[in-house]
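Residue numbers (UniProt numbering): 1 to 346. Notes follow once the structure below has been shown.
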Amino acid sequence: MVAASPFRASIIIVNYNGGDLIQSAIDHLKAQTLKPLEVLVVDNASTDGSADRLDLSGLNGARLMRMDDNLGFAGGNNVAAKVAVGDWLILLNPDTEPHADWLETLADAAQRYPDVTQFASAQFDAEDPDRLDGTGDCYSVFGFPWRGGFGAKASDLPEEGECFSPCGATAMIRKDIFLGADGFDESFFCYCEDVDLGYRLRLAGERCIFVPRAIVRHHGSAITGLRSDFTVRQGTRNRLTTYLKNTPLLLLIASMPGHILLTLYLYLSALGKPRAKSIRRGLAEAFGRFGDTMKARSKVQREKKLSSWQISRAMHWSPITLSRRRPHVWRARPYPAPGTRLSGGK
């Protein structure tokens, strides 16, 4: 009997003005029952002193990487991924608090699913532990992502199974797969870059497993603000870019009317509120870089291995499920091995 390979994980935390939250995240990593191979803290030119007072002592393999400029969540993770020495990259937000057995539980899942290259953790609201914060990212066939189970009762936590992609706040991705996909699209800066990467990896035939026993408490949007102009504008811009860039042609044509109607609904429901302007700005920015998006789309569609029908099976068709942010986790099913080109439509 061949012994299992050791679990070699590099944890990456991208910090920007994380205040005292990032030290709490580090302290929770120090308490892990299974120690990471290394912890890379990327500081995106913080101005609040959070990097200066960070205490990494007692955490072997931990180091601070100071950036001269704010590279965003996408760029910061990409920089660390290129120098990470682990076989697995685990992305952890600075406003998270993982349970002591979190890393050990993810390592167990990786061993039980040797053909899977992405894993999602169970995120709970740090302020209200009776509420879920996320059960992996979900994707509507109409081009709208959501964090599964956000705001739902903790009792609604799904069983272990497959989800569309991991939330970037607690994602675990095999390093060779991450780098092979060129990591995050840095033009996104932050918001939806995790969905964009998950979409591209799905198209390449990769899968993601949601692990309900890998528990992390999350102070969601504690740093950028849940409804700030920055959050709404970036989210709107990057959501549309993700949809146009990755969706196969037949599915794009079929879903476009629904996408337009849902976008119009979001905008009309925001009229008279500050976020209406943020939505307009986000849409304008998305169309302003339409040419670059189409160039990126050409590469994605040329390299994809799944057809419109095949990728739609990992999406949800119900607008009600989307509006209520329900979890979308299904029983893991056999899947073609990564690298196998699949037949099917466009």
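All residues carry an ideal CB built from backbone N, CA and C; glycine is no exception.
A distance of 9 Å or more separates the beta carbons of Gly258 and Gly148. Below 8 Å, too few C-beta pairs join the region 104 to 121 and the region 285 to 300 to call them touching: fewer than three. In the DSSP secondary-structure assignment, Pro98 is bridged to Val216. Less than 9 Å divides the Cβ of Ala169 from the Cβ of Val216. Remark: C-beta atoms of Leu37 and Arg8 approach each other more closely than 9 Å. Unbroken beta strand (DSSP E) runs of no fewer than 3 residues, entirely contained in the region 157 to 234, are found at 172 to 174 and 208 to 218, following chain order. Contact between Asp137 and Val195 holds, since their C-beta atoms are separated by about 6 Å, short of 8 Å. Annotated as proximal: Leu283 and Thr236, with beta-carbon spacing under 9 Å. Looking from the CA of Pro145, the closest CA among Asn246, Gln301, Ser307 and Leu21 belongs to Asn246.
Per DSSP, the continuous beta strand (DSSP E) segment holding Val41 begins and ends at Glu38 to Asp43.
C-alpha of Val83 to C-alpha of Ile177: approximately 15 Å in a straight line. The residue among Arg325, Tyr243 and Lys273 with its C-alpha nearest the C-alpha of Phe290 is Tyr243. Counting C-beta atoms within 10 angstroms of its own C-beta, Tyr265 has fewer than 16 neighbours from the protein chains shown and is therefore classed as exposed. According to the DSSP secondary-structure assignment, Gln118 is paired through a beta bridge with Ile173 and Cys208. When the beta-carbon positions are compared, Ile13 and Ala25 come within less than 9 Å of each other. Between Asn17 and Asp48, the CB-CB gap stays under 9 Å.
It is roughly 29 Å from the alpha-carbon of Cys208 to the alpha-carbon of Leu59.
Contact annotation, Ser255 with Val141: C-beta distance approximately 6 Å; criterion of less than 8 Å satisfied. Look at His328 here: in three-state DSSP terms it is coil, with no helix or strand label. Counting along the chain, Gly76 sits inside the alpha helix (DSSP H) bounded by residues Gly72 to Val83. In the three-state scheme derived from DSSP, where H, G and I count as helix and E and B as strand, Ser57 is classed as coil. Per DSSP, Ser323 is one residue of the alpha helix (DSSP H) stretching across Pro319 to Ser323. Gln310 sits in a helix when the DSSP states are folded into three classes.
Excluding residues up to 5 positions away in sequence, Arg8, Arg174 and Lys175 lie with their Cβ nearer than 7 Å to the Cβ of Asp87 in the same chain.
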